[in-house]
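Everything on this sheet refers to the single structure shown next.
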Amino acid sequence: MSDLAPILEAVQVNVRAGERVLLRNASLSLAEGQILGLIGPSGAGKSTLLRSLNRLNDLHPGLRVSGDVRLRGASLYAPSTDVNAMRARIGMLFQQPVIFPASIEENVLFGAKRLRPIKRDAQIALVESALKEAALWEEVRDRLRQPALTLSVGQQQRLCLGRILAVQPEVILMDEPTSALDPRSTEAIEELLLRLKAKIGIVIVTHNIAQARRVADQIACVCVREGAGELVEQGNADAVLCCPQTPEAQKYLLAS
Ligand SMILES: Nc1ncnc2c1ncn2[C@@H]1O[C@H](COP(=O)(O)OP(=O)(O)OP(=O)(O)O)[C@@H](O)[C@H]1O
Ligand SMILES: [Mg+2]
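Numbering that gives the first Met the number 0 puts the first residue of the sequence shown at 0, with every later residue one more than the last.
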């Protein structure tokens, strides 16, 4: 792992569904200025691990999480944690864009307005800055009041990123954020990630090894071992992708 100070750390995270262990003893660390790629076979537990990094598994009543996750050293699972405030600091981008049936502008402001009241002038400025940061401003500046659902899927995904950026998160978790997108939209998102990583920590689940190679600094590989998902290998992206050390990661990468 990297020597840089961690922004986000998972410490021996276990996730169970009843008697079944979905994820066993997963520990990882996201360093400042880096992108961590999560790879591994379908069903191994990548999304389950990602969802435990901002307590989204809490919303699945059948799942039990143990271990800890720390954001800049503070436990997310401590009883005193304000979960809504924490989720504003750790945003999440899903495979399919989550668009509300409202205008482009309202979609950008949705999270930010729930956190604090924002005066109209500041709203206008925030919409512009978030959409510029998400590389969508030029395409939508003349239609901010139009329904967001009229945008293409690639534009919708950048809109979701704009909504996340409007709350100024410290980390963004992404679960296969480009797998529903065409190559040009994928390229646009990847360029954005490389630009954002200097100030926002990024964890990205991807099935696309070429994408992992293009964007990730560190790689963690989740595979099923003895019936449960485990982080079988993690380290520098070049090293893991070139020369995996465990049979599970070798098998996965050979087949990908
Ligand atoms: N809420 C749940 N209750 C019970 N089992 C679950 C739940 N969510 C996920 N699982 C199981 O946990 C395992 C890991 O699922 P997960 O979605 O994390 O895999 P994944 O690596 O993200 O796969 P994919 O690449 O297909 O998205 C699977 O066997 C899945 O069926
Ligand atoms: Mg998944």
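The C-beta atom is built at its ideal place from N, Cα and C for all residues, glycine as well.
CA-CA distance, G66 to E18, rounds to 17 Å. The three-state reading of DSSP puts S74 in strand, counting E and B together. Of all residues, those with a beta-carbon under 7 Å from at least one heavy atom of ligand 2 are K45, S46, D174, E175 and V204, reported in chain order.
Between ligand 1 and V221, a heavy atom-to-CB distance of less than 7 Å is present. In this structure the segment 242 to 252 does not touch the segment 55 to 72; the number of beta carbon pairs closer than 8 Å is below three. Boundaries for D174: no alpha helix (DSSP H) harbours it, while the beta strand (DSSP E) harbouring it runs V170 to D174, taken from the DSSP string. A30 and G200 have their C-alpha atoms some 7 Å from each other. Apart from the 5 residues on each side of it in sequence, I6 sits with its Cβ closer than 8 Å to the Cβ of L29, A30, E31, L70, R71, E169, V170 and G200 in its chain, given in chain order.
Secondary structure of V214 (DSSP, three-state): helix. Along the length of the segment 124 to 181, whole alpha helix (DSSP H) runs at least 4 residues long occupy 136 to 139 and 152 to 164, reported in chain order. Bounds of any alpha helix (DSSP H) do not take in S102, whose DSSP letter is neither H nor E. Using a Cβ-Cβ distance cut-off of 8 Å, the segment 50 to 59 and the segment 226 to 234 are not in contact, since fewer than three pairs of beta carbons, one from each stretch, lie closer than that value.
The closest heavy atom of ligand 1 lies less than 7 Å from the beta carbon of G228. It is roughly 16 Å from the alpha-carbon of V20 to the alpha-carbon of V231. Just so you know, the alpha carbons of S46 and A211 end up roughly 16 Å apart. Using a cutoff of 7 Å, the CB of A43 counts as near ligand 1, since one of the ligand's heavy atoms is closer than that.
Placement of the Cβ of G32 at a distance of 7 Å or more from every heavy atom of ligand 1 is found.
Residue pairing by DSSP places Q233 opposite A219 in a beta bridge. Between the segment 207 to 222 and the segment 118 to 131, the count of Cβ pairs shorter than 8 Å is below three; the stretches do not touch.
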